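Number of protein chains: 2
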Amino acid sequence: MTILLLAGITAFARQASEERLQVVSPEIHNDNRVTFRLWAPQATCVQLTGDCLPARQVQTSYGLEEQAGVVDMVKNAEGVWEYTTPRPLEPELYSYYFLIDGARITDPRNVHTIRDVAVVASVFIIGGGRADLYRVNDVPHGTVSRLWYDSPALGMRRRLTVYTPAGYEEGGGRYPVFYLLHGTGGDEEAWITLGRATQIMDNLIAQGKAEPMIVVMTNGNTVVEAAPGESSAGFIIPTSDQPGMRDGSFEMSFPDVVNFIDTHYRTLADKRHRALAGLSMGGLHTKNISREYPDLFDYAGIFSPGIPPSPKVDSPIYEQVEEKLAIQFEKRPACYWIAIGKTDKRYRENKDYCQMLDEKGYPYTYMETEGGHTWRNWRIHLSAFAPLLFK
Amino acid sequence: MTILLLAGITAFARQASEERLQVVSPEIHNDNRVTFRLWAPQATCVQLTGDCLPARQVQTSYGLEEQAGVVDMVKNAEGVWEYTTPRPLEPELYSYYFLIDGARITDPRNVHTIRDVAVVASVFIIGGGRADLYRVNDVPHGTVSRLWYDSPALGMRRRLTVYTPAGYEEGGGRYPVFYLLHGTGGDEEAWITLGRATQIMDNLIAQGKAEPMIVVMTNGNTVVEAAPGESSAGFIIPTSDQPGMRDGSFEMSFPDVVNFIDTHYRTLADKRHRALAGLSMGGLHTKNISREYPDLFDYAGIFSPGIPPSPKVDSPIYEQVEEKLAIQFEKRPACYWIAIGKTDKRYRENKDYCQMLDEKGYPYTYMETEGGHTWRNWRIHLSAFAPLLFK
């Protein structure tokens, strides 16, 4: 009892001390340098890592790989470890972690976190430039709904995220629809959280750069109903190893999504008013769906596309691919758009795909951005692609 | 360059090691004992704290206070610290942290976290009993929307969370509306995350225990538009010190919310089909709003009510309180419902309030639960109150 009580008093003294210090982290200075802080008086080593630091080339067993930088933080007399970036950060949404005696943790003082598949990171935004599209600004805001649709093809109820633009609820008009797909291991939350899709669409529409449109974000893994924690499987830990994303079943069942949206929202329900885009595995899904159903979508956006499964899966999606692609382009899509980062791990395969399109004479628009296979690029790709739609 | 490269290799070896270990945390055993694990080979002390441990009485400068228990974790040969609860845990939604060399962190292996005002905790659910209401079960699911309403009284666009029950989108019928308010420092996310309102309503409705209803969750702090990170103020760090929750402005402006919902949803737009409830400060808001506007709500649910600000603020809400309360009860509300935990810090003030109602002869229903001023109780209160509505 005495021991418990003492432990309690110690713990209370500790907490009171932490509260008294009022540690602020991250602190974004007026010149956009950023200070990170962690109260950890007993730790022997605290480091910072994240995409707010210069990347480094690391020799691994797979070859030379680009990894997030790591810097040491310095402890002050009150037990607060600190690091300030030597230079202002460019406008961007950044993510970071602390390494406290080697263990990777989020910043306990920053309530803003984003899950990327199986890892949660602390995040902050440096405004200005393109990053102003990622911020909540004082503009009319659309509505974001999480709802469930019935997929007869998959025999499941599944979860969707739907953005309706500001004014949708007020008016009686009909709207075009943009279907937006995530990558391997992601889910129907990915574009809203890491992708900042709500903010990008609100801002582009408010600036008159994009048409008001409905945006539908699906879950591309057909072995689950919903994102981790949102299905009856409970608070599961997500993995990137999800067979239901690569077997063609998602692509084959996609008309169920379109039918649901066309019967539950005031849509312009024709090909001319439907767009489809996706990142990585979602880029592959976009190729496959737009090719399989050439009368559904007039716009296809392929961001850092993933490559088809090998060996080929047994799905109609991978049968008569060349013939279906020929039909798709015979029908002259309004826009077939491909974007990739210059150091993306799929750069070469994507170049091969573009070369094949060139050889066939299939027209497409190509955008190359800096950097690799990252959300930084997919936010840029979305910001560039959405303004092209439904014009 | 050499140093950087070495650091890179070390970091990689570390990460590879952590990946190889495949640390699972929390691990819920078949008998509902739970094992927590943290890979931190260089830490000298790792502890677990949270409401999954027995609470302890701690002597503080404010007197004897109930605080979450703290236990030491034990390191194995591979650098993984571990603790297993000696007994099975009762069905509940639990939250916890690790203390790594004194610094409080979330569990890096558990992507499921919930923010409570300014602190993010790791969470898990032990199913069974009442906690089955908090789980996503294989039942029809309602839709949860985040949208913005215009408040002429406050001169702001403000964010709302709205739950519409399964079937709302399919049918053409009209629904009753339940307005559900958060406590001090909370926001329009609180009932959805910590309160598990979506799951509780989905499950109660699926079991036939609650009527299908729309649930509207507001932001009760009129100096902000929205939850942290969701307004143009950016990724701010929330605080409990929010003057806009206690000045009567939220209560006075509440008809703006009701008007918005009645014009944007298929509601049964009369007193008989409107309920209002809230926790802590939201319990005070519920008293105030239902008294100020006695023709709006037929049901008032007051969970662990907060006490009026002192000195009295200059708001019509705090003028002629007795007279307004008399009018409210003259109109015979269908249900005036008060619930509180036996060790709630507001227990005595609430008893005084009930005694006043008794003396006046104003009828109400009273529920007492175990424990204190916690979300555990507010989930129980919601689960008990919602089935009483609109019958």
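These protein sequence lines are chains A and B, in that order.
Position 337 (the first sequence) corresponds to 336 in numbering that gives the first Met the number 0; numbering is contiguous.
Position 17 (the second sequence) corresponds to 16 in numbering that gives the first Met the number 0; numbering is contiguous.
C-beta: ideal position from N, C-alpha, C; glycine also.
All values reported here derive from a predicted model rather than from experimental measurement.
Which chain A residues sit within Cβ distance under 8 Å of Gln327(B)?
The residue you call residue 327(B) lines up with position 328 of the second sequence. Those within 8 Å of Gln327(B) in chain A number zero; the least Cβ separation is about 32 Å.
Counting pairs of Cβ atoms below 8 Å between the region 166–185 of chain B and the region 355–371 of chain B, do you hit three or more?
no
Rounded to whole angstroms, what is the Cα-Cα separation between Asp71(A) and Ala102(A)?
Your numbering for residue 71(A) matches position 72 in the first sequence. Your numbering for residue 102(A) matches position 103 in the first sequence. Those two C-alpha atoms are separated by around 14 Å.
For the candidate residues Gln206(A), Gly247(A), Leu267(A) and Pro315(A), whose alpha-carbon lies nearest to that of Val214(A)?
As a first step, residue 214(A) must be located in the first sequence, where it is residue number 215. When each option's Cα is compared against that of Val214(A), the closest is Leu267(A).
Strictly under 8 Å for the Cβ-Cβ distance: is Ala6(B) near chain A by that measure?
Looking up residue 6(B) in the second sequence gives position 7. Bear in mind that the predicted position of Ala6(B) carries a pLDDT of just 38, short of 50, making it too unreliable to give a figure here.
Unbroken beta strand (DSSP E) run spanning Asp131(B), endpoints:
Numbered from 1 along the second sequence, position 132 holds the residue referred to as residue 131(B). Segment: none, Asp131(B) is in no beta strand (DSSP E) and carries neither H nor E.
Under 6 Å Cβ to Cβ from Phe253(B), same chain only, skipping five residues before and after it: list those, please.
As a working note, residue 253(B) is residue 254 in the second sequence. Ile288, listed in sequence order.
If you measure from the beta carbon of Met0(B) to each beta carbon in chain A, is any gap under 8 Å?
Position 1 of the second sequence, counted from the start, is the residue given in the question as residue 0(B). With a pLDDT of 31 at Met0(B), under the threshold of 50, the modelled position of that residue is not reliable, and no figure is offered here.
What is the residue span of the beta strand (DSSP E) that Met463(A) lies within?
Limits of chain A in this structure are 0 at one end and 390 at the other, which puts residue 463(A) out of reach.
Per DSSP, which residues does Tyr148(A) bridge with? Please list them.
Mapped onto the first sequence, residue 148(A) falls at position 149. Note: Tyr148(A) sits in a beta bridge opposite Arg157(A).
Which class does Lys208(A) belong to by DSSP, given the choice of helix, strand or coil?
Indexing the first sequence from 1 puts residue 208(A) at position 209. Of the three classes helix, strand and coil, the one that applies to Lys208(A) here is coil, per DSSP.
Need the endpoints of the beta strand (DSSP E) that Asp71(A) sits in, please.
The residue given as residue 71(A) occupies position 72 in the first sequence. Start and end: Gly68 to Asp71.
At the level of alpha carbons, what is the spacing between Phe302(B) and Glu187(A)?
Numbered from its first residue, the second sequence carries residue 302(B) at position 303. Numbered from its first residue, the first sequence carries residue 187(A) at position 188. Roughly 34 Å between the two C-alpha positions.
Who pairs with Tyr48(B) in a beta bridge, going by DSSP?
Against the second sequence, residue 48(B) aligns to sequence position 49. Here residue 48(B) turns out to be Thr, not Tyr, going by the sequence shown. Thr48(B) is bridged to Val69(B) and Tyr96(B).
For Asp115(A), list the residues DSSP reports as bridge partners.
The sequence position of residue 115(A) within the first sequence is 116, counting from 1. Val118(A).
So, at 8 Å on beta carbons, what are the nonlocal neighbours of Ala299(A) in its own chain, with the 5 sequence-adjacent residues on each side left out?
Looking up residue 299(A) in the first sequence gives position 300. The residues are Ala274, Leu275, Ala276, Thr285, Lys286, Ser289, Pro332, Cys334, Tyr335 and Trp336.
Quick check on Val320(B): does DSSP put it in helix, strand or coil?
Taking the second sequence and counting its residues from 1, one reaches residue 320(B) at position 321. Helix at Val320(B).
Return no unless some Cβ of chain B is closer than 8 Å to the Cβ of Arg32(A).
Locating residue 32(A) in the first sequence gives position 33, counting from the first residue. With 8 Å as the cut-off, Arg32(A) does not count as an interface residue toward chain B.
Alpha-carbon to alpha-carbon, Leu324(A) and Trp374(B)
Along the second sequence, one-based indexing puts residue 374(B) at 375. Along the first sequence, one-based indexing puts residue 324(A) at 325. About 55 Å.
Indicate whether Gly125(B) and Ile99(A) have their beta-carbon atoms separated by less than 8 Å.
Position 126 of the second sequence holds residue 125(B). Position 100 of the first sequence holds residue 99(A). In the sequence as displayed, the identity of residue 125(B) is Ile instead of Gly. In this structure, Ile99(A) does not lie closer than 8 Å to Ile125(B) by Cβ.
So Arg114(A) contacts chain B; which residues on that side make the cut at Cβ distance below 8 Å?
Taking the first residue of the first sequence as position 1, residue 114(A) is located at position 115. Those are Val110, listed as they occur along chain B.
Only counting the same chain, and skipping five residues up and downstream in sequence, which positions put a Cβ closer than 6 Å to that of Ser144(A)?
Position 145 of the first sequence, counted from the first residue, corresponds to residue 144(A). Within the same chain, Ser144(A) has close Cβ partners Val161.
Using a C-beta cutoff of 8 Å, does Met181(A) count as contacting chain B?
Here residue 181(A) corresponds to residue number 182 of the first sequence, with the count starting at 1. The question names Met, but residue 181(A) is His in the sequence shown. Not an interface residue.
Here's a check: name, in chain order, each residue in its chain whose Cβ is nearer than 8 Å to the Cβ of Arg86(A), leaving out the five neighbours to either side.
Counted from its first residue, the first sequence places residue 86(A) at position 87. Correct list, in chain order: Arg32.
Alpha carbon to alpha carbon, how far is Gln198(A) from Ile306(A)? Give it in angstroms, no decimals.
Taking the first sequence and counting its residues from 1, one reaches residue 306(A) at position 307. Taking the first sequence and counting its residues from 1, one reaches residue 198(A) at position 199. Answer to the nearest angstrom: the Cα atoms are 29 Å apart.
Residues that DSSP places opposite Glu358(A) in a beta bridge:
As a working note, residue 358(A) is residue 359 in the first sequence. DSSP lists no partner for Glu358(A).
Would you mind sorting Arg158(B) into buried or exposed? The rule is 16 or more other CB atoms within 10 Å of its CB.
Mapped onto the second sequence, residue 158(B) falls at position 159. Its Cβ being crowded by 16 or more others within 10 Å, Arg158(B) is buried.
Three-state class that DSSP yields for Ile306(B) in the structure shown
One-based indexing of the second sequence puts residue 306(B) at position 307. Correct three-state label for Ile306(B): coil.
Just the chain A side, please: which residues come within less than 7 Å of Arg103(B) by C-beta, in chain order?
Here residue 103(B) refers to the residue found at position 104 when the second sequence is read from its first residue. Here the neighbours are Pro107.
C-beta contact flag for Pro40(A) and Gly78(A) at 8 Å
The residue you call residue 40(A) lines up with position 41 of the first sequence. The residue you call residue 78(A) lines up with position 79 of the first sequence. For Pro40(A) and Gly78(A), yes; Cβs fall inside 8 Å.
Inspect the beta-carbon positions of Ser231(A) and Gly184(A) and report whether they are closer than 8 Å.
Taking the first residue of the first sequence as position 1, residue 231(A) is located at position 232. Taking the first residue of the first sequence as position 1, residue 184(A) is located at position 185. No, these two residues do not count as a Cβ contact at 8 Å.
Taking Cβ-Cβ distances below 9 Å as the criterion, which residues of the region 129–160 of chain B are in contact with chain A?
Arg134, Val135, Asn136, Asp137, Val138, Pro139, His140, Gly141, Thr142, Val143, Ser144, Arg145, Leu146, Trp147, Arg156 and Arg158
To the nearest angstrom, report how far apart Cys44(B) and Asp106(A) are at their CA atoms.
As a position in the second sequence, residue 44(B) is number 45, starting the count at 1. As a position in the first sequence, residue 106(A) is number 107, starting the count at 1. Going by the C-alpha atoms only, they are around 19 Å apart.
By Cβ distance, which residues of its chain are closer than 6 Å to Ile326(A), with the 5 residues on each side in sequence left out?
Along the first sequence, one-based indexing puts residue 326(A) at 327. The residues are Pro293.
Go ahead and label Asp351(A) buried or exposed: buried means 16 or more other beta carbons lie within 10 angstroms of its beta carbon, across all protein chains shown.
For the purposes of this step, residue 351(A) is taken as residue 352 along the first sequence, with counting starting at 1. With fewer than 16 Cβ atoms within 10 Å of its Cβ, Asp351(A) is classed as exposed.
Mind checking if Val176(A) is an interface residue toward chain B, Cβ cutoff 8 Å exclusive?
Numbered from its first residue, the first sequence carries residue 176(A) at position 177. It does not: the Cβ of Val176(A) has no partner Cβ on chain B nearer than 8 Å.
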